[in-house]
Amino acid sequence: LSVHSIMHMNILRSLNVCALLLLLQAHLSTLDMVSYVTRSRSVAGDSHVKVKPIIRALHITSDIKYRYATTLVSSRVVNPSDQAGEAVFYVTLPESAFISEFLMEVKDKVYKAYVKEK
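Quick note, the sequence shown lines up with residues -26 to -1, 1 to 92 if you use mature numbering (1 follows the signal peptide of the UniProt record, and there is no 0).
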């Protein structure tokens, strides 16, 4: 094997390890990825009742080309409460990474967010 092919295999191996670590980190942090707070009114006034969301699906797809990696995170979360609530979606980004698009589908209607600078 030439030095070039050995270097190429080492780079591919390290990319596979990085992708595996990213997936492992994502798998371990799925429980903390979405927090959920429902708001219900009681006779005494407003109260906050924390209800854990039901994560029906979580798909993470990474595509690595040259020096760039594109990652698509798709999550399907269900509100188990009969009350409307607020869901917060957490994603840890590397310093040089950015979010290019954020879509939300609620009852078959798609909402596209405006992405702002960090």
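The C-beta atom is built at its ideal place from N, Cα and C for all residues, glycine as well. Since we're looking at a predicted model, the values are computed, not measured.
Query, Result
"Given L77, which residues of its chain have a CB within under 8 angstroms of its CB, disregarding the five upstream and five downstream residues?", "V84, Y85, K86, A87"
"Have a look at T35, E79, P68, Y64 and flag the residue whose alpha-carbon is nearest the alpha-carbon of R50.", "E79"
"Going by C-alpha distance, which of A61, S55, E91 is nearest E69?", "E91"
"Any idea if P54 is buried or exposed, counting beta-carbon neighbours within 10 angstroms, 16 or more meaning buried?", "exposed"
"Which partner residues of T35 appear in the DSSP bridge assignment?", "L46"
"Quick one: what's got a C-beta closer than 8 angstroms to R30's C-beta in the same chain, skipping five residues either side?", "R50, V51, V52"
"Which same chain residues end up closer than 6 angstroms to T35 when comparing Cβ atoms and leaving out the 5 residues on each side of it in sequence?", "L46"
"Could you compute how far the alpha carbon of V65 sits from the alpha carbon of A58?", "23 angstroms"
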